[in-house]
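Numbering of the sequence shown is given in the working numbering, commencing with residue 41 and proceeding in unit increments.
This report refers to the structure that appears directly beneath it.
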Amino acid sequence: MIPPEAQAVLAVAIAAFEVQIADLKASLKQDSSDSSRPPSSDPPHLKPAPPRKPSGRRRGGRPGRRRNDRIRLDAVDVVDARPDRCRRCGEALEPLARQVCEVPAVRPHVVEHRLHGLTCPRCGASTCGAPPDRAGVGYGPQTQAVCAALAGENRLSKRRVARAMKGLYGLPIGPTSVFELERRTAEAPAPIHAEVLEHIRGLDANVDETSWPQGRERGWLWTAATTRLAAFLVAASRSCDAFAELMGRSPPGVVTSDRYSAYAHLAAERRQACRAHPIRDFRAMVDHDDAGSAIGEELLMHSGVLFDAWSKVRVGESSRPAFAAETLPWLRREVRDLLEAGVKWDAEKTAASCREALKIEPSLWTFATVEGVEPTNNDAERGLRQAVCWRKTSFGADSEGGSRFAAAGSLNGSSPPSNPAAANPATCSTSSLKRSKPTAQAAAHPRSSSTGRERLLSWDSKRRRWWKHKSGWKRFVVSCRQLAAWAGEPVPETKEGSYLVANLWWRARLA
């Protein structure tokens, strides 16, 4: 027989275990539709989303829409096949033309700067001609911009960029040179980035951030996007100070963002909380399968009504003032009543979600009265999507230069993807590189490329270090000295056979 005291303890423990089991069952049911998990984490047995109900619209464009035909290009060669008369009735015929587009064969345009040293006939002094600023770089601004576009916009590795330049343009270039061109490209748009960022701070903007590792440190890539511009910034934190560095302490425009606490200091009339994020909480309420499921279903239905009404505003079937006067009052009142009722329900997670939504409730409806503001933060999230894809393959950046390459716009371009007039990233980079002055650094010696290093050293992938060739210790030390002379750096003094010192120096040189 169990004593009454033990029975009471067991009853409390069983109740706690039941709550814990219910929470664990609810977490097992979560997927990408009702949580922040990505769709790639969904299990194979997950049922697909139910098909959408037909909207009643006919397929195709709407009556009176603007045509969007293919632009007719300027032809280089034209071959006319024009009949004079119809073969049956002899009627005069109108000519027909069909264009076939072809990319011309491209060869590198090489300019050689020869520096002549002439002797003065009067004093005998020798004077050498001065090269232009870009002569020491080795590659022109167009080549530099194409390499940056291939590496950033198209996410190619250094070796693949070198292979593409050789195959497409017949230009031999090594992976090390591609890295150096990326470094220069990241530094060139600094004045443009400052101007764009200063201009965005006075406008309504979408702001978002994502993690961005830099070496062994954790950083964050911030973006501020408008309908025509976007700026990127790599910061060390995700705090209000990082937001102030991007947009200022009190931006004059409306900031559209998610519900993160770094934006909580903004006034309600200067903030638009993304309306897509609460939908995930409403779906989670339904999936909890408890007393809060009814509240979640009602809130989901009202969210659908909201976006259906807003889609008519976007396509021109309705107007923003009409939406604010006819739909906004009753829809906002009913949503607020549902949230207040959800706080009082006997469902802890549902009450917590409703409580958090009520804290930012005024910021959920700013878009209805401010022209140009959208209810979602899609522009900023689309702007970060390219960086997120690059982070998944490269795990962020290894240095500050790599972060600048991502933040300066070389990776994502200088316009958000939602802008149909977004410029070609290679064209933007070319214009900025032509205005920038290259650094006074000589081009890398051809023998200091990765191919030359592989001839002198052997990489042991198992021990993760460089080994000498079979020719002996002395030749390895001499090779390091020779490579140091090519690189323009001193090599530490080593005795014959001192492989350890030379190896440590060379590993530091590679890092």
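Just so you know, even glycine gets a beta-carbon here, dropped at the ideal spot from N, CA and C.
Source: prediction; values computed, not measured.
Item	Value
Check whether HIS305 and CYS280 have beta carbons under 8 angstroms apart	yes
Cβ contact check for the stretch 178-189 and the stretch 202-214: 3 or more pairs under 8 angstroms	yes
C-alpha gap between PRO212 and GLY192, whole angstroms	20 angstroms
Length of the line joining the Cα atoms of ILE445 and SER359	What sits at residue 445 in the sequence shown is Phe, not Ile. Cα-Cα distance, rounded: 41 angstroms.
Classification of SER81 by the beta-carbon crowding that lies within 10 angstroms, buried from 16 upward	exposed
Buried versus exposed, by CB contacts within 10 Å (16 or more), PRO456	Its pLDDT being 45, under 50, PRO456 is placed unreliably by the model, and nothing is read from it.
Coil, strand or helix - THR183 by DSSP	helix
Cutoff 8 angstroms: TRP252 Cβ touching any chain B Cβ	In the structure shown, chain B cannot be found, because there is only a single protein chain.
PHE363 versus GLY412: straight-line alpha-carbon distance, rounded	14 angstroms
From VAL236, ASP330, GLY96, residue whose alpha carbon lies closest to that of ALA62	ASP330
Nearest neighbour of LEU379, chosen from GLY180, LEU158, VAL326, LEU339 [CA to CA]	LEU339
Residues of its chain near SER511, where Cβ-Cβ distance is below 8 angstroms and the 5 sequence neighbours each way are ignored	The predicted position of SER511 is uncertain, since its pLDDT is 40 and thus under 50; a value taken from the coordinates is nonetheless stated next. Result list for SER511: empty, nothing under 8 angstroms.
Inter-residue Cα distance where the pair is ASP348 and VAL355	11 angstroms
Distance between ILE54 and ALA48 (C-alpha atoms, nearest Å)	10 angstroms
Backbone secondary structure at PHE347 - three-state DSSP	helix
Helix, strand or coil at VAL143 [DSSP, three-state]	coil
Identity of the residue in THR390, GLN139, ARG299 nearest HIS328 by Cα	THR390
Coil, strand or helix - ALA189 by DSSP	helix
Cα-Cα separation, ALA147 to PRO292	Looking at the sequence provided, one finds Arg at residue 147 rather than Ala. When rounded, the distance between both Cα atoms is 51 angstroms.
Nearest residue (CA-CA) to ALA308, options PRO215, VAL294, ASP321, ILE319	VAL294
VAL375: first and last residue of the uninterrupted alpha helix (DSSP H) it sits in	368-384
VAL116 - containing alpha helix (DSSP H), residue span	Per DSSP, VAL116 belongs to no alpha helix (DSSP H) and is neither H nor E.
Closer than 7 angstroms: LYS389 CB and nearest the ligand ATP heavy atom	Summarising the ligand content, the structure contains no ligands, and the ligand ATP is consequently not present.
Cα-Cα separation between HIS156 and ARG422, rounded to whole angstroms	53 angstroms
Beta-carbon spacing of ARG195, CYS429 below 8 angstroms	yes
GLU259 and SER439 closer than 8 angstroms at C-beta	It should be pointed out that residue 259 corresponds to Gly in this sequence rather than to Glu. It is not a contact, given that the beta carbons lie outside the stated cut-off.
Run of the alpha helix (DSSP H) containing GLN312, from where it starts to where it stops	No alpha helix (DSSP H) holds GLN312; the beta strand (DSSP E) holding it covers 311-313.
Secondary structure of VAL541, DSSP reduced to three states	Only weak support is given to the placement of VAL541: the predicted model assigns it a pLDDT of 43, under 50, and the question is left unresolved by the model.
LEU286 - containing alpha helix (DSSP H), residue span	280-287
Proximal residues to GLY492 (C-beta, below 7 angstroms), its chain only, five neighbours per side dropped	Bear in mind that the predicted position of GLY492 carries a pLDDT of just 36, short of 50, making it too unreliable to give a figure here.
Cβ-based burial, GLU494 [other Cβ within 10 Å; buried from 16]	Any reading at GLU494 must be qualified, since the residue scores a pLDDT of 34, below 50, and its modelled position is unreliable; the value itself is stated next. By the neighbour-count rule (16 or more Cβ atoms within 10 Å), GLU494 is not buried but exposed.
Touch test, the stretch 268-278 against the stretch 249-258, Cβ-Cβ under 8 angstroms, three pairs minimum	yes
Whole runs of the alpha helix (DSSP H) within the stretch 192-227, excluding any shorter than 4 residues	198-209, 215-227
Beta-carbon proximity list for LEU86, same chain, < 6 angstroms, skipping 5 on both sides	ASP71
For GLY336, three-class secondary structure by DSSP	helix
Through-space distance from GLU374 to VAL324, alpha-carbon basis	Rather than Val, the amino acid found at residue 324 in this sequence is Ala. Taking the straight line joining both Cα atoms gives about 20 angstroms.
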